[in-house]
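Asker: Be aware that the sequence shown starts at 26, since it is given in my numbering, and climbs by one per residue. Mind having a look at this structure? Questions to follow.
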Amino acid sequence: MKKIFLAIICLTLCVGQMMANANSEKEMERLTKEFLAHYEGNLPTGTEISADSSSININFLEFIADPVAKRYFEQMGKVILAEQAADTEMNVEIEDLQLGQIMDMRESTKRGAHKAVAIPHVTCCLKIPYTYTSVDGKNNPIRLSSILYRPSPFQLNLNAELGVLNVINYRVALFAFMIELIKGAWNAVVGYTFDYGVLSCHPTVTTSAEAPSGNSPLDGDVHMFCSDYAIVVCPDYCGYGLSEFKQHPYLVQGVTARNVVDGYIAALDLIKSNNESGASGSWKLASDFYTDLIGYSQGGSVALATLRYLEGPQVSSDQLNRINLRNVYCGDGPYSPIATINQYVEWANSSEKKYNEMAYPCVLPLIVQAAKDAYDNDCMRTVELESYFTPEFISTGIVKQLDTKRVDTESLNKIIWAKGIRRIDQIMSDKMIKKVVETDDNGVTKEKIVLNTESNEYKCLVRALSYNDLSKGWTPHHPLVFMHLDGDLVVPYSNMKEVENNIGRDPKKKMIFTDPYKVKDAMSPIWHLIATVIKDCFKNPDHGSIGKFFFMAAAAGVFEDWLK
């Protein structure tokens with residue numbers, strides 16, 4: 026068996042060398058000449074060109090400081106990536122190159138100038154579905170679904186040793202690829218030891234297909250964390266996947282946090298049982314295994330709620346030791362549902378269209394539906410769901426379509442907009458909002474939309490939402506990074522400010538609050554490239570694009586470095 030294995034290794038290396046020799050050195054020479062001509066001899070400090078013009082080395086920090094060099098290498102890298110994709114029939118997007126670049130920033134800053142390879146970061150994760158027992162919103166036992174991502178034995182992951190920044194050296198790249206194949210074969214036999222886990226809380230969905238156990242759009246973001254040394258766990262929230270028949274407790278934080286923790290413990294149990302089986306290629310956790318907790322949008326609030334749950338009395342010391350929570354990263358989350366609704370109403374009075382038209386209208390019935398279901402034994406039992414919405418909005422059928430779990434969030438919003446319903450006063454009834462006439466100091470009267478704070482419907486909903494306000498009433502004890510776009514029209518910036526103002530003032534706690542475009546350059550040299558990539562891809566940053574920003578920064582270790 027050993028002889029066969031060694032023969033395969035030797036054959037693989039020989040084929041790799043043949044492929045490397047077959048690659049066009051003329052292409053490398055052409056790229057180098059173009060680079061030289063581009064600068065007319067005025068190269069950035071620290072640049073070195075190999076004798077055979079097959080590669081270019083450049084000091085990372087100087088590279089970042091020279092925007093012209095950066096643009097040039099990005100263009101060249103994309104050209105080569107496209108050629109590679111055509112040669113290997115890989116379906117690779119330009120974004121993969123950018124993610125690969127970012128994944129290597131940490132290594133690059135540590136090592137300074139070194140060879141760099143312009144190929145994408147493509148880590149092949151195995152998506153392993155499993156089920157576990159937790160509770161629903163009524164505290165009844167329920168089976169839920171989840172996904173465990175673990176690295177595939179064979180993966181294209183050249184970043185850890187070589188980096189992805191500028192022009193490709195084919196020989197080095199292919200040799201490294203062969204090494205990865207050998208390492209994958211070894212892991213398939215010997216197994217994996219995971220150093221850490223990433224517990225990922227998914228954003229708002231309205232169908233099981235969008236949830237982690239379906240064809241989740243989150244998969245691409247999750248893959249950035251999956252490596253030889255890490256697992257990623259993404260539980261479905263109650264109401265999706267296996268529990269699709271149940272009402273999803275949207276922003277009912279306690280039960281969702283409990284579900285997420287139960288799902289993660291079940292994943293650790295799964296790994297433990299696999300290791301105890303003694304099978305070839307088994308998995309095990311390192312003795313100092315730790316966990317990072319992350320989430321964006323609804324997932325950001327769920328991550329914070331999960332932290333609150335873990336720091337409460339409900340979790341045993343054994344569970345805490347097994348999880349060994351290290352850092353928590355929250356992006357653009359609705360931590361204060363009340364502050365969110367208040368901001369929506371304030372925006373409704375703006376003269377700017379982008380503010381007075383709702384960017385994500387389907388979220389309002391989600392909030393009311395969940396509050397009605399979760400607190401039907403409380404004040405919410407005295408009100409009807411339909412009383413919160415205008416007849417015009419009810420006629421769209423959105424409330425009923427939410428119950429089917431068959432229409433995704435984007436389609437739901439389009440259905441609403443297609444009916445000409447864009448403003449909050451076209452959605453919420455006079456039981457929630459009302460119009461008043463105000464007179465300013467100059468005697469000018471103006472109609473204004475305000476919350477109807479006297480109605481029973483308003484009082485009941487605010488009471489229900491107050492139970493789930495994460496911005497007050499507790500003090501986090503773990504290191505936290507909050508990132509939020511000032512200008513997010515889906516989840517208002519006021520959510521992060523509420524957290525910062527109420528529980529983020531303790532200088533003894535490691536809590537960082539930032540807007541992605543207001544980060545001080547000195548905080549991280551990696552940040553320059555991430556920000557540039559996002560700005561290049563998304564000219565008008567919004568809730569969705571900043572989500573990419575957030576996950577890229579987390580995967581690159583930016584947040585980890587900030588908290589050190």
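Where is the CB? At the ideal position from N, CA and C, for every residue including glycine.
Which partner residues of Pro166 appear in the DSSP bridge assignment?
Answerer: The sequence position of residue 166 within the sequence shown is 141, counting from 1. For Pro166, which the question treats as bridged, DSSP gives the partners Val160.
Asker: Give the single residue among Ala443, Ser412, Asp246 whose Cα lies nearest to the Cα of Cys485.
Answerer: Looking up residue 485 in the sequence shown gives position 460. Of the listed residues, the one whose Cα sits closest to Cys485 is Ser412.
Asker: On a Cα-Cα basis, can you pick out the residue from Thr539, Leu391, Asp246, Asp586 that is closest to Gly572?
Answerer: Locating residue 572 in the sequence shown gives position 547, counting from the first residue. Looking at the Cα atoms, Asp246 is the closest of the given residues.
Asker: Please list the segments of the alpha helix (DSSP H) lying wholly inside the region 275 to 357, counting only runs of 4 or more residues, in order along the chain.
Answerer: For the region 275 to 357, whole alpha helix (DSSP H) runs of length 4 or above, ordered along the chain, are 278 to 301, 323 to 335, 342 to 348.
Asker: What are the start and end residues of each continuous beta strand (DSSP E) run of 3 or more residues lying completely inside the region 456 to 542, in chain order?
Answerer: Taking only runs of at least 3 residues, the beta strand (DSSP E) segments lying wholly in the region 456 to 542 are 458 to 464, 470 to 476, 505 to 508, 536 to 539.
Asker: Quick check on Tyr254: buried or exposed, where buried means 16 or more other Cβ atoms within 10 Å of its Cβ?
Answerer: As a first step, residue 254 is located in the sequence shown; it is residue number 229 there, counting from the start. With fewer than 16 Cβ atoms within 10 Å of its Cβ, Tyr254 is classed as exposed.
Asker: Straight-line CA distance for Gly241 to Ala234?
Answerer: Here residue 241 refers to the residue found at position 216 of the sequence shown. Here residue 234 refers to the residue found at position 209 of the sequence shown. Residue 241 is actually Ser in this sequence, not Gly. The alpha-carbon atoms of Ser241 and Ala234 are separated by roughly 7 Å.
Asker: Indicate whether at least one CB of chain B lies closer than 7 Å to the CB of Val393.
Answerer: Included in the structure is just one protein chain, with no chain B present.
Asker: Of the residues Lys459, Glu472, Thr434, Thr331, which one's Cα is nearest the Cα of Glu479?
Answerer: Taking the first residue of the sequence shown as position 1, residue 479 is located at position 454. Among Lys459, Glu472, Thr434, Thr331, the Cα nearest to that of Glu479 is on Lys459.
Asker: For a test of the three-state rule: what should DSSP assign to Lys152, helix, strand or coil?
Answerer: In the sequence shown, residue 152 corresponds to position 127, counting from 1. DSSP places Lys152 in strand when its eight states are reduced to three.
Asker: Quick check: Ile440 and Pro390, are their CB atoms within less than 7 Å of each other?
Answerer: In the sequence shown, residue 440 corresponds to position 415, counting from 1. In the sequence shown, residue 390 corresponds to position 365, counting from 1. No. Outside cutoff.
Asker: Starting from Thr434, trace the alpha helix (DSSP H) in both directions and tell me its first and last residue.
Answerer: Position 409 of the sequence shown, counting from 1, holds the residue named residue 434. That run of the alpha helix (DSSP H) goes 434 to 443.
Asker: Please say whether Ala328 and Gly320 have beta carbons closer to each other than 7 Å?
Answerer: For the purposes of this step, residue 320 is taken as the residue at position 295 of the sequence shown. For the purposes of this step, residue 328 is taken as the residue at position 303 of the sequence shown. Contact flag set, yes.
Asker: Within the continuous alpha helix (DSSP H) that includes Leu16, where are the two ends?
Answerer: Here the chain covers residues 26 to 589 and nothing more, so residue 16 does not appear.
Asker: Using the Cα positions of Cys355 and Ser312, report the straight-line distance between them to the nearest angstrom.
Answerer: Translated into the one-based positions of the sequence shown, residue 355 becomes position 330. Translated into the one-based positions of the sequence shown, residue 312 becomes position 287. Taking the straight line joining both Cα atoms gives about 27 Å.
Asker: Whole angstroms is fine: what's the gap from Asn367's alpha carbon to Leu476's?
Answerer: Taking the sequence shown and counting its residues from 1, one reaches residue 367 at position 342. Taking the sequence shown and counting its residues from 1, one reaches residue 476 at position 451. One C-alpha to the other measures close to 8 Å.
Asker: Contact between the region 519 to 528 and the region 373 to 384: three or more CB pairs below 8 Å?
Answerer: The answer is no - the region 373 to 384 does not touch the region 519 to 528, with fewer than three Cβ pairs under 8 Å.
Asker: Thr331 and Ala291: beta carbons closer than 7 Å?
Answerer: The count along the sequence shown starts at 1 and reaches residue 331 at position 306. The count along the sequence shown starts at 1 and reaches residue 291 at position 266. No. Outside cutoff.
Asker: Which residue wins for smallest C-alpha separation from Pro176, given the options Met508, Cys150, Ile167?
Answerer: Indexing the sequence shown from 1 puts residue 176 at position 151. When only C-alpha atoms are compared, the closest one is Cys150.
Asker: Can you confirm whether the region 214 to 228 touches the region 255 to 274 when touching is taken to mean that 3 or more C-beta pairs between the two stretches lie within less than 8 Å?
Answerer: With the cut-off at 8 Å, the region 255 to 274 and the region 214 to 228 touch.
Asker: Here's the rule: buried if 16 or more other CB atoms are within 10 angstroms of the residue's CB, otherwise exposed. What is Asn349?
Answerer: As a first step, residue 349 must be located in the sequence shown, where it is residue number 324. So Asn349 counts as exposed.
Asker: What are the start and end residues of each continuous beta strand (DSSP E) run of 3 or more residues lying completely inside the region 212 to 251, in chain order?
Answerer: Complete beta strand (DSSP E) runs here, min 3: 217 to 226.
Asker: Between Thr415 and Pro541, what straight-line distance do the alpha-carbon atoms span, to the nearest angstrom?
Answerer: Position 390 of the sequence shown, counted from the first residue, corresponds to residue 415. Position 516 of the sequence shown, counted from the first residue, corresponds to residue 541. Using only the alpha carbons, I get a separation of about 37 Å.
Asker: Buried or exposed: which applies to Lys430, given that a residue is buried once 16 or more other Cβ atoms fall within 10 Å of its Cβ?
Answerer: Taking the first residue of the sequence shown as 1, we reach residue 430 at position 405. Buried.
Asker: Please classify Ser342 as buried or exposed, where buried requires at least 16 neighbouring CB atoms within 10 angstroms.
Answerer: In the sequence shown, counting from the first residue as 1, residue 342 sits at position 317. Ser342 comes out exposed.
Asker: Have a look at Ser436, Val583, Tyr275 and flag the residue whose alpha-carbon is nearest the alpha-carbon of Gln323.
Answerer: Numbered from 1 along the sequence shown, position 298 holds the residue referred to as residue 323. That would be Tyr275, whose Cα lies nearest to the Cα of Gln323.
Asker: Is Arg448 helix, strand or coil by DSSP?
Answerer: Residue 448 sits at position 423 when you count from the first residue of the sequence shown. Of the three classes helix, strand and coil, the one that applies to Arg448 here is coil, per DSSP.
Asker: Given this structure, state the Cα-to-Cα distance separating Gly264 from Gly162, to the nearest angstrom.
Answerer: Here residue 264 refers to the residue found at position 239 when the sequence shown is read from its first residue. Here residue 162 refers to the residue found at position 137 when the sequence shown is read from its first residue. Gly264 and Gly162: Cα-Cα distance of roughly 10 Å.
Asker: Do Leu295 and Arg347 have their beta-carbon atoms positioned less than 7 Å apart in this structure?
Answerer: Mapped onto the sequence shown, residue 347 falls at position 322. Mapped onto the sequence shown, residue 295 falls at position 270. No, these two residues do not count as a Cβ contact at 7 Å.
Asker: Quick one: Cα of Met536 to Cα of Ala384, how far?
Answerer: Here residue 536 refers to the residue found at position 511 of the sequence shown. Here residue 384 refers to the residue found at position 359 of the sequence shown. Whole-angstrom Cα-Cα distance: 29 Å.
Asker: If you run the structure through DSSP and keep just helix, strand and coil, what is Met453?
Answerer: By one-based count along the sequence shown, residue 453 stands at place 428. It is a strand residue.
Asker: Can you list, in chain order, the residues of its chain with a C-beta nearer than 8 Å to that of Cys387? Leave out the 5 residues immediately preceding and following it.
Answerer: The count along the sequence shown starts at 1 and reaches residue 387 at position 362. If we look at Cys387 and ignore the five residues flanking it on each side, its Cβ neighbours are Thr231, Ile423, Leu427, Thr434, Leu437, Asn438, Ile441.
Asker: What distance in whole Å lies between the Cβ atoms of His509 and Asn493, which are believed to be in contact at a cut-off of 8 Å?
Answerer: Residue mapping note: residue 493 aligns to position 468 of the sequence shown, counting from 1. Residue mapping note: residue 509 aligns to position 484 of the sequence shown, counting from 1. With 8 Å as the limit, Asn493 and His509 do not qualify as a contact, their Cβ atoms being about 18 Å apart.
Asker: Taking the alpha-carbon positions, what's the Ala578 to Asp317 distance?
Answerer: Counting from one through the sequence shown, the residue named residue 578 turns up at place 553. Counting from one through the sequence shown, the residue named residue 317 turns up at place 292. If you take the alpha carbons of Ala578 and Asp317, they lie about 14 Å apart.
Asker: Note down, in chain order, each residue of its chain lying with its Cβ closer than 6 Å to the Cβ of Gly239, except the 5 sequence neighbours on either side.
Answerer: If you number the sequence shown from 1, residue 239 lands on position 214. Only Ser233 meet the Cβ criterion.
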